[in-house]
Amino acid sequence: SLNVMDYLYYGGDENYHKLTAAQSDANRLTREEFEEFHRWVASSLSGEHSANVMRYIMLIHDLGKNQTLASAVMGEDATDSVDHDEVLRRLLRSDYAAKRTELLPTFSQLSEVDQTIIRDVINTELNLGQFIQAEAPAATLASFADSTEPVRSLYIMHTLFDIAGAAGHVNAESSLLLTSPMYNQMAAACDVLTDSTLPT
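Taking my numbering, the leading residue of the sequence shown gets 9, the next gets one more, and so forth.
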């Protein structure tokens with residue numbers, strides 16, 4: 009997912025070829041689609057600082073999948089099937105400051121503004137993957153409708169990077185999933201969610 013983010017953030021022919029190297033000719037993301045996605049990412053992440061905030065979100069968003077960490081955060085509420093997103097949301101709450109200092113010490117090194125943005129992104133509960141597949145009920149849009157920029161764009165972007173990199177254990181250098189059909193599904197979904205969209 010981080011490779012996908014960097015390819016789309018920096019753009020260029022070399023990164024396009026890296027991102028699409030493992031894709032079939034029939035479904036390969038086109039150079040034009042890649043460029044449109046790159047322009048949206050680059051305009052939403054206005055510089056390396058914003059890009060680093062996104063990288064931090066990408067790095068921590070699956071922490072709750074670690075069973076040891078999940079047990080430390082959730083205590084008696086921990087189960088094998090605990091929602092990993094809920095683990096991270098709880099860890100970032102103000103009443104978990106001591107636990108967070110122990111388990112995620114880097115968070116306190118961020119500015120308060122960045123901490124607030126990261127909390128707001130992590131606390132966004134729209135399942136964008138389901139929404140892209142038209143499987144999300146309309147009620148799931150309620151909390152998302154209340155979100156504002158930059159949280160809205162960062163949440164969408166983080167989820168798109170996560171989806172695009174989901175097969176990274178098979179091929180870490182390319183995206184098997186960010187094909188032309190997937191791009192067009194993503195673009196259509198984003199068009200519904202925000203005015204600051206991927207072109208369609």
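Glycine included, each C-beta is placed from N, C-alpha and C at the ideal position.
Being a predicted model, the structure only gives us computed values, none of them experimental.
Check                                                                                                                    : Outcome
Of the listed residues N131, V178, L118 and R160, nearest to N60 (C-alpha basis)                                         : L118
Cut-off 8 Å between Cβ atoms - residues of its own chain near R108, not counting five sequence neighbours on either side : L99, L100, F115 and S116
Residue closest to I126, alpha-carbon to alpha-carbon, out of Y64, M13, N192 and G19                                     : Y64
Residues of its chain near K73, where Cβ-Cβ distance is below 7 Å and the 5 sequence neighbours each way are ignored     : H92
Same chain only: Cβ atoms within 7 Å of Y24, ignoring 5 sequence neighbours per side                                     : R39 and F42
Through-space distance from Y18 to N179, alpha-carbon basis                                                              : 20 Å
Residues near V90 by beta carbon distance below 8 Å, same chain, minus five either side                                  : G72, A78 and M82
Outcome for P158 when other beta-carbon atoms lying within 10 angstroms are tallied against a minimum of 16              : buried
For D14, the nearest candidate out of D128, E110, A172 and L201 (CA to CA)                                               : A172
Buried versus exposed, by CB contacts within 10 Å (16 or more), A195                                                     : buried
Where the alpha helix (DSSP H) through E110 begins and ends                                                              : A105 to L111
Rounded separation between G20 and H46 - CA only                                                                         : 9 Å
Beta strand (DSSP E) runs contained entirely in the region 18-71, provided each spans 3 or more residues                 : none
Nearest-angstrom Cα separation, counted from I140 out to Q193                                                            : 6 Å
Close beta carbons around Y104, own chain, < 8 Å, minus the five adjacent residues each side                             : V81 and R98
Which of helix, strand or coil DSSP assigns to H177                                                                      : coil
Distance between Y163 and C198 (C-alpha atoms, nearest Å)                                                                : 11 Å
Same chain, Cβ closer than 7 Å to K26, five either side skipped, listed in chain order                                   : Y15, E181 and S182
For S119, the three-state DSSP class (helix, strand or coil)                                                             : coil
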